[in-house]
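Heads up: the structure comes next, in structure tokens.
Residue numbers (the numbering used here): 22 to 369.
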């Protein structure tokens, strides 16, 4: 498994707590009603290798449909991988029994994308946050659960006196804070955030991201932060992995991806980031990708991005580029012709 070279490691970052090796999730395509016959498969995640260290934030970015959310569900055990391994502190989640999975899952929790549908409208805030204690009664004694729920509500910046209110009595940002409090109930080391701010207003997004950073510093959490907004990812991530059609096409520390990106797809994503400085807009190097995203059920041969890439040559159709460090670059990129391109204003 290729490990991303880290040029500058924050002091809070420690040993590897989560890693995947050749992770794949293929959903079968069948035809027939009585006698079903498999005619193919949707390759949602197709050979992903990542590493997450204690106290680190790994940002995962890419277009809709690239496999980000499927990767998140695999990491927390909501989906079983078709192939590959998910190593959580030495335990292979793909091989863990259902009985042992409950204990292992305490160490990795998830914050859902939509704060409006991820909370049960028939349960009070206290019941929602305290529900993990019913599943894991060994974590907090029954007599101390109400006090612990109040601590969690206060920890995420809400009024603990609102413990008996229902989700519809809160705003979107407050609901997402409730979701974060629920994910912290079992004292996990890892939290997978599946686009946790995409459904929120911009000002509320900043508040939630700042809350996540505060909790990370206080509790030593490690995050997998999935998003399609590169500006949000840059604010919170230590390292970034760019996904396209189920594969990681470029990965590196935050400055390497945003200031020295080498993969054409990453450069196209950066060129679409809005520029707040009007003087730079005319000098902006806009990269317009032609064609549609190929179907994950029938991805192109060789490099999956070649059908939309302006650099594509014959070798791109014949040979799949490995995710490795290329000449003149300090981080891995899956492109035969990887090279830096100055996208003016993309790093603001």
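In this text, a Cβ means the ideal position worked out from N, Cα and C, and glycines have one as well.
Residue 238, buried or exposed, once every other Cβ within 10 Å from all chains shown has been counted against 16: exposed
7 Å Cβ shell around residue 128 - same chain, five flanking residues per side excluded: So the list reads 109, 110, 209, 210 and 211, once near-sequence residues are dropped.
Paired residues, beta bridge with residue 260 - DSSP: 79 and 274
Own chain partners of residue 207 with C-beta closer than 7 Å, once the 5 adjacent residues on each side are dropped: 127, 130, 153, 157 and 160
Reduced DSSP secondary structure (H/G/I, E/B, other) of residue 235: It is helical.
Among 240, 257, 123 and 241, nearest to residue 226 - alpha-carbon criterion: Shortest Cα-Cα distance from residue 226 to any of 240, 257, 123 and 241 involves 257.
Under the three-state DSSP convention, the category residue 357 falls into: The three-state secondary structure of residue 357, taken from DSSP, is coil.
Range covered by the beta strand (DSSP E) that runs through residue 246: 243 to 248
Start-to-end residues for the beta strand (DSSP E) that takes in residue 349: Where residue 349 is concerned, there is no enclosing beta strand (DSSP E), given that its DSSP letter is neither H nor E.
Inter-residue Cα distance where the pair is residue 86 and residue 46: Cα to Cα, residue 86 sits roughly 13 Å from residue 46.
Residue of 251, 355 and 295 minimising C-alpha distance to residue 268: 355
Contact under 7 Å by Cβ, residue 132 with residue 201: yes
Euclidean distance between Cα positions of residue 259 and residue 60: The C-alpha of residue 259 lies about 41 Å from the C-alpha of residue 60.
Beta-carbon proximity list for residue 77, same chain, < 6 Å, skipping 5 on both sides: 34, 243 and 259
Beta-bridge partners of residue 345, as assigned by DSSP: 354
Per-residue DSSP class, three states only, for residue 324: coil
Own chain partners of residue 216 with C-beta closer than 6 Å, once the 5 adjacent residues on each side are dropped: Within the same chain, 134, 247 and 248 come within 6 Å of residue 216 by CB-CB distance, once the 5 residues on both sides are set aside.
Residue 203 beta carbon less than 7 Å from that of residue 245: no
Residue 61: first and last residue of the uninterrupted beta strand (DSSP E) it sits in: 58 to 74
Cβ shell of residue 136 (< 7 Å), same chain only, five flanking positions each side left out: Same-chain partners within the cutoff: 193, 196, 197, 200 and 220.
For residue 40, the nearest candidate out of 93, 165 and 347 (CA to CA): 93
Distance between residue 74 and residue 95 (C-alpha atoms, nearest Å): Taking the straight line joining both Cα atoms gives about 18 Å.
Endpoints, beta strand (DSSP E) assigned at residue 46: 37 to 52
Residue 142 versus 91, 103, 189 and 164, residue with shortest Cα-Cα distance: 189
Option nearest residue 88 by Cα separation, candidates 98, 107, 64 and 312: When only C-alpha atoms are compared, the closest one is 64.
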